[in-house]
Structure formats: structure tokens, C-alpha cells
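Sequence order for the protein chains is A and B. Position one of the first sequence corresponds to residue 212 (my numbering), numbered consecutively onward. Position one of the second sequence corresponds to residue 50 (my numbering), numbered consecutively onward. Notes follow the structure.
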Amino acid sequence: MHRDWCRGLAAAAAAALLPGAEAAAHGFAGDRFFPATILTDDPFVASEMSLPTVTLNPTQSDGSRELDLGSDLSMAITPKWDFTIGSDWAHIRSPGLPVVTGGTGLTTGTQYQLFINAPHEAMALAGLDVTWRNTGNLAAGAPDFTTMSPTIDFGKGFGDLPAALSWLRPFALTGNIAVDFPVQTKTNGTLNPNDVFYGFAVEYSIPYLQSEVKDIGLGTPFNRMIPLVEFALTSPFNRGYAGTTTGTVQPGMIWAGQYFQVGAEMIIPTNSLSGHGIGGVVQLHFYLDDLFPHGIGRPITQW
Amino acid sequence: MLGHRLSAAAAAAIAIVLAASTAAAHAFLDHASPAVGSTVPGAPSAVTMWFTQQLEPAFTTATVTDAGGKSVASGAAQVDPKDPTELRVPLKPLPPGTYSVSWHALSVDTHTTEGHFTFAVAGR
């Protein structure tokens with residue numbers, strides 16, 4: 212208790228004396244650092260940016276193949292509340308048809324950090340994403356209806372496992388569940404169903420292994436690598452679309468540096484509705500709070 | 050069109066890195082002596098930790114305790130003034146056993162990080 216009080220006093224003194232206030236670094240819950248995952252939303256509020264995310268999707272059942280170029284920006288308004296904006300640009304080749312290109316729609320969101328539990332390396336946030344109608348090329352997949360998607364994101368590290376299971380302590384699980392609510396249930400004669408989206412990422416952190424459990428002597432660049440597998444499924448549940456679940460499994464690797472991370476994953480469809488063959492995604496992701504700690508990387512207010 | 054989009058994204062990414070010439074990130078533990086999770090044959094005189102960023106000495110702390118939770122440090126943790134990425138905790142003579150290190154670091158960009166690890170001193 213005394214030590215906690217001293218830390219609190221030190222934090223207050225740091226806030227007063229240093230150019231910027233003491234702040235928890237992005238993606239940390241106690242000893243655990245959670246990288247920004249590619250497929251599933253992150254369970255933490257942060258100022259960060261993905262630029263670019265390049266995705267070559269598996270071939271679809273009609274033979275078409277889509278390449279997406281995406282960018283996302285998240286800006287912290289307070290240490291517990293952020294605002295997000297993202298957009299993709301698609302390049303679609305279909306057999307016997309002209310190439311279609313264009314934006315796939317603008318998505319904005321806001322997120323609030325519900326809690327961070329340091330001893331148990333756990334965190335969660337609640338958010339609301341909005342995909343806006345007519346903000347892209349309909350032929351490239353942009354929607355002609357607005358969709359509201361409340362979401363819960365969570366993360367849990369397993370550093371609190373007993374010493375006998377120490378080699379499992381670098382594991383962590385993140386995930387999110389969201390429900391899509393189209394504002395219009397029918398547009399241009401097409402029904403727009405409600406969807407449930409659920410995604411998980413299972414990670415094994417080499418940095419955690421070497422700094423918390425056992426230094427096995429891995430050097431640069433292997434000491435910053437986090438192998439992971441992501442899963443995501445989308446299940447419509449009404450308006451004639453029930454039973455048409457689609458999804459992907461994405462094994463890959465994230466290299467997390469001091470200012471940015473690089474991620475690469477294979478994309479494996481879970482069923483024929485989701486495509487066939489193998490796709491891939493690569494992402495460059497910047498930690499704006501580390502790149503610009505006294506500028507745009509700081510929350511606007513410390514409330 | 051696709052090539053132009055990719056080029057624009059690459060140019061924007063490079064611009065971000067160039068604009069951030071004064072960046073300083075949170076401090077990760079890079080390595081320690083005794084090494085994390087290691088067993089050493091003799092009692093070390095100190096635990097020394099090296100971090101990936103420079104530390105703020107006034108707000109960076111570390112403790113070393115035995116299996117009963119009692120401190121075995123012979124003095125306060127000190128950031129090396131010549132190498133501000135190095136944090137050292139001097140130790141009392143240690144009998145064989147397992148020891149826990151707990152650190153709390155404030156890097157020069159004011160981000161906090163913390164960590165824990167153990168090392169063991171082997172019996173004769």
C-alpha cells in the first residue's frame with residue numbers, strides 16, 4: 212500500500228515537473244504489452260495509425276479477387292476515450308468483367324476504456340462504430356445504407372498463471388464481439404440483415420517470454436516478435452441470411468518495435484462462402500503516442 | 050491507379066517517421082544480469098537491468114526480494130548517470146534461493162512501464 216502511495220506521488224510529481232504528464236503506454240495492462248492486431252479490434256484506447264494495410268483476399272466463389280488498400284487512424288481524446296476513422300480502397304478483378312476500383316465506405320467510431328487490471332493483465336473497452344452510406348463506390352462494395360455497430364473488445368494475458376506453467380505465461384488472448392444494426396432494413400430491393408461479428412487473437416509474446424519468464428537469448432529482430440493466430444466470423448441472423456456465416460483464420464507474425472509495428476498474416480477462408488485458396492495481409496502500424504509524445508500523440512485532455 | 054495509391058501510402062508513412070525526429074518511446078526491459086529466469090552459481094553483488102530507452106532517475110524504482118518477500122537490496126536502485134538506460138540494485142550477500150525482481154520505469158517521454166522476473170542462486 213505504501214509503495215502504491217509513493218508511486219502515485221511520483222506520478223503526480225512527474226506530471227508537474229516533466230513536459231508531458233506520466234501516462235500508461237499504449238496497449239499495456241501491467242507487465243503485458245498487447246500489439247495492435249490486424250483482423251480483430253484492439254482492446255485499448257490509443258493514438259495510433261495503420262498506414263497502409265494491404266490485403267489480398269482469397270478468391271471468391273464467383274472467381275473474383277479483391278485487393279484492398281486501407282488506412283485507420285485512432286486519436287485519444289482523453290486517456291480513456293478515443294475517436295477512430297478508417298477507409299479502404301478496393302481493386303476487384305472478376306473473370307470477363309472490367310476491373311472495378313473505389314472506396315468501400317467510410318467507418319468512424321468512438322471507444323471508451325472500461326477497465327485495465329494490471330495484476331491480471333486484463334482490459335476491456337466498449338465502442339460504437341458507424342459505417343456510413345454512400346461514402347464509396349457501390350460497385351466496389353461500399354454500402355448504400357448506414358450501419359451502427361456497438362462492440363465490446365477485451366484482452367487477457369496469462370502472466371498470472373502459476374510458476375509451474377511459466378512457459379504458458381507469454382500467451383494472451385484478445386477478442387471482440389459486435390452486432391451490426393443497419394439503419395435501413397431494405398435498400399434498392401435488397402434486405403440488409405443484422406450480423407454478429409466475433410473475433411479472437413491468440414498471441415505468444417517473445418518479448419514477454421524474455422523479459423518476464425526466461426531469457427532464451429534471442430536477439431534482434433526475433434526478440435520483438437509475437438506469433439499469433441486470428442479468427443473472425445460474421446453471422447447474419449435474420450432477413451433470410453441466417454446460416455450464411457463467413458470467416459477467416461489468419462496465422463501470422465507481428466514485429467513490435469518502439470515506434471511502429473509490422474504485421475503479416477495468411478488469410479484462410481473458413482468455408483466456401485468465404486472464398487477459396489489463400490490470401491494474405493501486411494500492415495504497417497504507427498504508435499503515434501510514442502512518435503509524437505508531446506504533440507498529436509497526446510490525449511487532448513487528461514480528464 | 051493501384052501503383053499510385055501504394056506510392057502515396059509509402060510516402061505518407063515515410064513522412065510520419067521523418068516528422069517524428071524527436072520521438073522517445075516507453076522503456077522495455079532489454080536484458081538483465083543475472084538473466085531473467087536464470088540460475089547463477091554464486092551470489093551476485095547486484096541486479097543490473099538494461100532498458101530500451103533512457104530512464105527518468107527520480108521516478109524509476111526496483112526492488113529485489115527473497116522467497117519470503119523480504120528485501121535483499123543493500124541500497125536504493127540507481128540509474129547509471131553515464132548510461133541512463135541502465136538500472137542497478139545493489140544486493141546483500143545472498144544465500145541460495147529464488148529471488149524476485151520488480152521494476153517500475155518512467156522513460157524520458159513520460160510513459161510508464163513495469164515488470165517482474167525471478168532468478169535463482171544455486172546451492173553449493
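Glycine included, each C-beta is placed from N, C-alpha and C at the ideal position.
Just how far apart, CA to CA, sit residue i and residue j?
i             : j             : result
residue 61/B  : residue 118/B : 51 Å
residue 380/A : residue 369/A : 5 Å
residue 333/A : residue 489/A : 33 Å
residue 414/A : residue 462/A : 10 Å
residue 266/A : residue 91/B  : 53 Å
residue 460/A : residue 478/A : 6 Å
residue 421/A : residue 86/B  : 9 Å
residue 324/A : residue 287/A : 11 Å
residue 481/A : residue 458/A : 5 Å
residue 355/A : residue 302/A : 19 Å
residue 122/B : residue 298/A : 54 Å
residue 128/B : residue 152/B : 12 Å
residue 374/A : residue 124/B : 28 Å
residue 285/A : residue 275/A : 32 Å
residue 448/A : residue 359/A : 16 Å
residue 213/A : residue 130/B : At residue 213/A, the pLDDT of 43 sits below 50, so the modelled position is not reliable and the matter cannot be decided from this model.
residue 456/A : residue 419/A : 35 Å
residue 465/A : residue 400/A : 43 Å
residue 251/A : residue 143/B : 47 Å
residue 257/A : residue 169/B : 38 Å
residue 126/B : residue 77/B  : 17 Å
residue 244/A : residue 366/A : 10 Å
residue 382/A : residue 416/A : 6 Å
residue 135/B : residue 427/A : 20 Å
residue 167/B : residue 93/B  : 13 Å
residue 410/A : residue 239/A : 20 Å
residue 261/A : residue 505/A : 20 Å
residue 405/A : residue 439/A : 29 Å
residue 392/A : residue 435/A : 39 Å
residue 63/B  : residue 350/A : 32 Å
residue 279/A : residue 412/A : 21 Å
residue 387/A : residue 408/A : 8 Å
residue 237/A : residue 469/A : 11 Å
residue 304/A : residue 491/A : 16 Å
Compute the beta-carbon to beta-carbon distance between residue i and residue j, rounded to the nearest angstrom, for a pair I have assumed lies under 8 Å.
i             : j             : result
residue 157/B : residue 103/B : 5 Å
residue 495/A : residue 471/A : 6 Å
residue 140/B : residue 89/B  : Actually they are not in contact, since the Cβ atoms of residue 140/B and residue 89/B sit about 11 Å apart, beyond 8 Å.
residue 493/A : residue 467/A : Going by Cβ atoms, the distance from residue 493/A to residue 467/A rounds to 15 Å, so no, they are not a contact pair.
residue 242/A : residue 423/A : 6 Å
residue 246/A : residue 437/A : 5 Å
residue 54/B  : residue 300/A : 6 Å
residue 357/A : residue 394/A : 4 Å
residue 450/A : residue 499/A : About 40 Å; that fails the 8 Å criterion.
residue 98/B  : residue 81/B  : 5 Å
For residue i, is the classification buried or exposed, using 16 other Cβ atoms within 10 angstroms of its Cβ as the cut-off for buried?
i             : result
residue 328/A : exposed
residue 56/B  : exposed
residue 132/B : exposed
residue 164/B : buried
residue 511/A : exposed
residue 160/B : buried
residue 431/A : exposed
residue 484/A : exposed
residue 171/B : exposed
Are the beta-carbon atoms of residue i and residue j separated by less than 8 Å?
i             : j             : result
residue 147/B : residue 75/B  : no
residue 362/A : residue 254/A : no
residue 154/B : residue 109/B : yes
residue 264/A : residue 281/A : yes
residue 352/A : residue 396/A : no
residue 320/A : residue 338/A : yes
residue 317/A : residue 343/A : yes
residue 487/A : residue 330/A : no
residue 335/A : residue 371/A : no
residue 114/B : residue 149/B : yes
residue 259/A : residue 503/A : no
residue 289/A : residue 441/A : no
When you compare the CB of residue i with every CB in chain D, is at least one pair closer than 8 Å?
i             : result
residue 470/A : Here the protein chains are A and B, and chain D is not one of them.
At a CB distance below 8 Å, what residues from the stretch 403 to 427 of chain A approach chain B? Give them in sequence order. Cβ contacts with chain B: 418, 421, 422, 423, 424, 425 and 426.
Name the residues in the stretch 316 to 343 of chain A whose C-beta lies less than 7 Å from a C-beta of chain B; which are they? Of all residues in the stretch 316 to 343 of chain A, none has a Cβ within less than 7 Å of some Cβ in chain B.
Name the residues in the stretch 153 to 173 of chain B whose C-beta lies less than 9 Å from a C-beta of chain A; which are they? Of all residues in the stretch 153 to 173 of chain B, 153, 155, 156, 157, 158, 159, 160, 161, 162, 163, 164, 165, 166 and 167 have a Cβ within less than 9 Å of some Cβ in chain A.
Using a Cβ-Cβ cut-off of less than 9 Å, give me the residues of the stretch 239 to 252 of chain A that come near chain B, in sequence order. Listed by position along the chain: 239, 241, 242 and 244.
Near-chain A residues of the stretch 79 to 90 of chain B (beta-carbon distance less than 9 Å), N- to C-terminal order: For the stretch 79 to 90 of chain B, which is checked against every Cβ of chain A, the residues closer than 9 Å are 79, 80, 81, 84, 85, 86 and 87.
What are the residues of the stretch 282 to 314 of chain A that lie near chain B, defined by any Cβ-Cβ distance shorter than 8 Å? Under the 8 Å Cβ criterion, the stretch 282 to 314 of chain A contributes 282, 300, 302 and 312.
Proximal residues, the stretch 117 to 151 of chain B versus chain A, C-beta separation under 7 Å: Answer in chain order: no residues at all.
When Cβ atoms are compared, which residues of the stretch 491 to 505 of chain A fall closer than 9 Å to chain B? From the stretch 491 to 505 of chain A, only 495, 497, 498, 499, 500, 501, 502, 503, 504 and 505 have a Cβ closer than 9 Å to chain B.
Along the stretch 252 to 272 of chain A, what residues have a CB closer than 8 Å to any CB found in chain B? Answer in chain order: 260, 262, 263 and 265.
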